[in-house]
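Single-structure report; data block below.
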Amino acid sequence: MNIFVGSLPWSIEEADLRESFEAYGAVDSVKVITDKFTGRSKGFGFVEMPNDEEALKAIEELNGATVEGRTIVVNKSEPKPEGERRSFNNNRSGGYDRNNNRGGGNYGGGNRERY
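Laid out in structure tokens, this is it:
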């Protein structure tokens, strides 16, 4: 089972997170999500546990627990439906689209007509 863990302290390491979940059973993988530019934690991560019963027990026990002064959120991770994934081609940032037309979107600027 894939488990979402949110509101993590910025300083938490994957080994620390693994240790917390291993108290409830086997852990296949642990990933703390980091910013690709700074390398700093984004404050959430995922834990994969092979045994659903142990995973549910970990969720029940750890959701709302305090870790380094922060109350963490722990729940079953559900994949987003395909239609809800974030699109990076919405052209709201004022960049150029595939046809080299300047986009304005909600942030002003750009051509309003196609030439």
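Here UniProt numbering is used: the first residue of the sequence shown is 1, the next is one more, and so on. Cβ atoms here follow ideal geometry from the backbone N, Cα and C, with glycine treated the same way.
Buried/exposed call for residue i, threshold 16 Cβ in 10 Å
i: Ala23; result: exposed
i: Gly83; result: exposed
i: Ala26; result: exposed
Residue i versus residue j: straight-line alpha-carbon distance, rounded
i: Ser77; j: Val5; result: 9 Å
i: Asp35; j: Glu14; result: 15 Å
i: Leu62; j: Pro79; result: 21 Å
Given residue i as reference, the closest of the options once Cα atoms are compared
i: Met49; options: Glu19, Ser41, Arg70; result: Glu19
i: Arg70; options: Ile12, Glu82, Met1, Asn2; result: Ile12
i: Met1; options: Asp16, Asn51, Trp10; result: Asn51
Span of the beta strand (DSSP E), counted from its first residue to its last, around residue i
i: Ile3; result: 2 to 6
i: Lys31; result: 29 to 34
Pair within 8 Å by beta-carbon distance, residue i and residue j
i: Ala65; j: Ile59; result: no
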